[in-house]
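Residue numbers (the working numbering): -10 to 490.
These notes concern the structure reproduced below.
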Ligand SMILES: Cc1cc2nc3c(=O)[nH]c(=O)nc-3n(C[C@H](O)[C@H](O)[C@H](O)COP(=O)(O)OP(=O)(O)OC[C@H]3O[C@@H](n4cnc5c(N)ncnc54)[C@H](O)[C@@H]3O)c2cc1C
């Protein structure tokens, strides 16, 4: 055996039992199948978890597939509903609404992307809503859903994710991981032991006197960053000048008669409000900037705008948008909120947990902890965070709103060069210019740009190869096929009822 590979199983310790900690425990237990590593998870009932984080993007289904979890079991255990996209209300302008759908919008014609035809048609005088050409958006607006068949039909293109109860999800993953050998230790970590020479973390000392030794630590301790920051001082890159929301109030409310298959995000005067429908309740929260609004006003606004009766008093929490400068430092890897936080506008945090874990498996270390691995991991995670950050900033920047100090700030703020360049390309030629590996694909950028009234003045000249009448005909047929496909779908509630045990 190679040096570094020999010896007993590697002692892996996960700090934290929130969504990140139990996702890590579940994936490691499934991947290693009891070999090579011993996994212990430490969590504190007294500290608890953040208790929010209930909307996802379609990649969550890949995570479930990695765990070989059956969709029906998962839905039953977490009170999940299906999500086809996000409705954005009042973002570009008060009184507007558009859906950022998962999946395709339109289809390329020849080798030219649909976005160019949309511009060409607008410049030719057509007034049309891009949602007409999105199966997801049209189904969402009609409260319809169908588990897509795998038959290559239009219906098979429906892309979906879930809304689920964060507490039930962590409990579900805990049962999964413990059944596969993960050891859980309950207690509050008071002191962290480090090797005097390397600075590596060696042990966790709990306030009740227990000690947990380890060789490789996954820090899922949430916003506090217990190991990655408090112990190792990895540093934090603050992005709040671009994403000024830093506080959230949240409250559950009763279910509504119709369970909408999408998240709603409604912009207010100093932030925005989410509405996430689950089977047994609706999750609601108001994300706002404390520099522009106080807790009392934000809480009142949240309660006044609920469409159903609240089930509790609002709770509040503070966050700072940004990322840890090093996600992997020495023998500690931060996953989840300990590695950074981009506000929840596009439901990307749980995805970043998933992708952080998969990348960690790609660069899994042996006992020598080759620094090349951590350096590569940190580069990959930095790129991921930055591209998602730019997409989220776009929602604030691309606005005509000037009705509050917050929106004036957002409208006129400088944005990262990487985003400014994308917006310039789109405005001038309808091109959506992406770097390799970006999470959000052209359809997502198109929805937000057009949905928030960034209208290009030009388009790809190659699209002129196709005659106007032929383009009109192609689009008319596509819109009709989408309308027909939506008409054949049952309601979202009917699908959920059919999945009940
Ligand atoms: C307002 C808001 C809304 C969000 N909405 C979404 C969303 O819709 N979609 C999405 O993908 N994400 C969302 N997120 C992010 C999502 O909530 C998190 O990514 C997810 O919950 C993971 O959290 P975590 O496990 O990293 O941290 P936590 O849930 O905070 O868990 C931390 C764990 O560490 C333990 N711990 C901490 N310190 C100690 C100690 N000293 N000793 C022992 N144990 C300790 C705690 O007990 C706990 O078990 C949202 C976040 C916020 C703030």
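Beta carbons are placed, not taken as given, at the ideal position from N, Cα and C, and that holds for glycine.
Small disclaimer: the values here were computed from a predicted structure and weren't measured.
Annotated three-state conformation of residue 241 is strand, per DSSP. For the set 434, 394, 98 and 423, the Cα lying nearest the Cα of residue 456 is the one of 98. In the same chain as residue 301, and ignoring 5 residues on each side of it, the C-beta atoms closer than 7 Å to its own belong to 240 and 241, in chain order. Within the segment 134 to 182, complete alpha helix (DSSP H) segments of at least 4 residues are found at 155 to 168, given in chain order.
For residue 236 against residue 279, the beta-carbon gap comes to about 5 Å, under 8 Å, which counts as contact. Nearest to residue 211 by C-alpha distance, out of 252, 310, 245 and 326, is 326.
No Cβ-Cβ contact shorter than 7 Å links residue 177 with residue 287. DSSP, reduced to helix, strand and coil, places residue 263 within a strand of the structure shown. When the five nearest sequence neighbours on each side are left out, the beta carbons in the same chain lying within less than 8 Å of the beta carbon of residue 157 are those of 66, 67 and 68, in order along the chain. Contact holds between the segment 128 to 144 and the segment 477 to 489, because three or more Cβ pairs, one in each stretch, are under 8 Å apart. Of the candidates 48, 366, -2 and 291, 48 places its Cα closest to the Cα of residue 149. The Cβ atoms of residue 377 and residue 423 do not sit closer than 7 Å to each other.
Within the DSSP secondary-structure output, residue 318 pairs in a beta bridge with 321.
Annotated three-state conformation of residue 197 is coil, per DSSP. Sequence-distant Cβ neighbours of residue 109 in its own chain, meaning closer than 7 Å and more than five residues away, are 448 and 452. Around residue 399, the same chain offers 385, 386 and 388 as residues with beta carbons nearer than 7 Å, after the five sequence neighbours per side are excluded. Straight-line spacing of the CA atoms in residue 163 and residue 489 works out to 22 Å.
In this structure, ligand 1 has no non-hydrogen atom nearer than 6 Å to the beta-carbon of residue 298. Within the segment 0 to 73, the runs of beta strand (DSSP E) at least 3 residues long that lie entirely inside it are, in chain order, 26 to 32 and 70 to 72.
The nearest non-hydrogen atom of ligand 1 is 6 Å or more from the C-beta of residue 380.
Annotation: the continuous beta strand (DSSP E) that includes residue 304 extends over 304 to 307. Fully contained in the segment 91 to 116 is no beta strand (DSSP E) run of length 3 or more. Of the heavy atoms belonging to ligand 1, at least one sits nearer than 6 Å to the Cβ of residue 43. Between ligand 1 and residue 9, a heavy atom-to-CB distance of less than 6 Å is present. Taken atom to atom, the span from the alpha-carbon of residue 372 to that of residue 312 is near 11 Å. The C-alpha of residue 431 lies about 15 Å from the C-alpha of residue 125.
If you ignore the 5 residues before and after residue 390, its C-beta comes within less than 6 Å of the C-beta of 396, all in its own chain and listed in chain order. Ligand 1 has a heavy atom closer than 6 Å to the beta-carbon of residue 210. Counting C-beta atoms within 10 angstroms of its own C-beta, residue 359 has fewer than 16 neighbours from the protein chains shown and is therefore classed as exposed. Cβ contact annotation for residue 115 (same chain, cutoff 6 Å, sequence separation greater than five): none.
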